[in-house]
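Residue numbering for the sequence shown follows the numbering used here, starting at 1270 and increasing by one per position. For reference, the structure discussed in these notes is given below.
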Amino acid sequence: ELAVRYNKNVWLPQILSIQEAFSSWSKIQLIDNIDIIYEMISIMNSSFDISSRDNMFGLASQIVKDFDEIDQYNVDADKLFNYLEAAKKIETWSLDPEASITEFEYLKFFKSLSSYYHLLKNNLLKNNVGYYGMITRKLCDLSNSELENTIGKHKIIFAGFNAMTSTEENIIVRLVELGKAVLLWDLDKYYFDDEIQEAGLFARNFFLKHKNIS
């Protein structure tokens, strides 16, 4: 399409996935999920005796997935974990003294989630690597001037989206508003115009929220 439009020799623009672009801008290398899971296992083994637990890998995998979503949706992790711990205390409350040891270990695990979260991020950042949520949250936390400096003189085209996480939306919208980017959607008029169609829900909400972005 570019060749047809220009009808002359031109340099091909750099084409990256959003993960590759955000990783480049944040200076944090996106590493394989398996490496993050084993780092999580190492943290858990050194801070909490769970050697008797079955499916250690599965547990660590789920924790890493949850941490990634917490960051991608810009959730206050400490508040979430405090709430979760309080909810589990109510859930496991019992008058049976024989159940107290099991309950104590169960609650100890949930209380450890906050420290797991911070330890994992700190350990990864020491090596300038991380999971995708860490990367998007770092960019999301930048001021407008810092975000502009990160992009430099480039003009960005975000193309082919039909949904975004909270941090992706924050970064993309700010870059569009700063004149550093344009946003090209992958939308079907049938799904967008018909409010009964759930497939168009994100885009409808997006344009209601950001009326200045076409």
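A virtual CB, placed ideally from N, CA and C, is assigned to each residue, including glycine.
Looking from the CA of G1421, the closest CA among S1315, A1290 and T1405 belongs to A1290. For the 7 Å CB-CB criterion, I1303 and V1333 do not form a contact. Residues K1296, I1297 and Q1298 of the same chain have their beta carbon placed closer than 8 Å to that of N1397, with the five preceding and five following residues left out of the count.
Exclusion of the five residues before and after T1419 leaves W1294 as the residues of its chain whose Cβ lies within less than 6 Å of its Cβ. The C-beta distance from M1433 to I1441 rounds to 7 Å, short enough to fall under 8 Å. In this structure, the straight-line span from the alpha carbon of S1330 to that of N1324 is close to 10 Å.
Here A1472 is buried, its C-beta having at least 16 other C-beta atoms within 10 Å. Burial is judged here by how many other beta carbons sit within 10 angstroms of a residue's own beta carbon; S1286 has fewer than 16 and is exposed.
Between I1312 and Y1385, the C-beta spacing is below 7 Å.
Annotation: P1282 to R1443 spans about 22 Å, alpha carbon to alpha carbon. In this structure, DSSP gives V1442 a helical state, which the three-state scheme calls helix. Taking C-beta atoms as the reference points, F1475 and G1469 fail to come closer than 7 Å.
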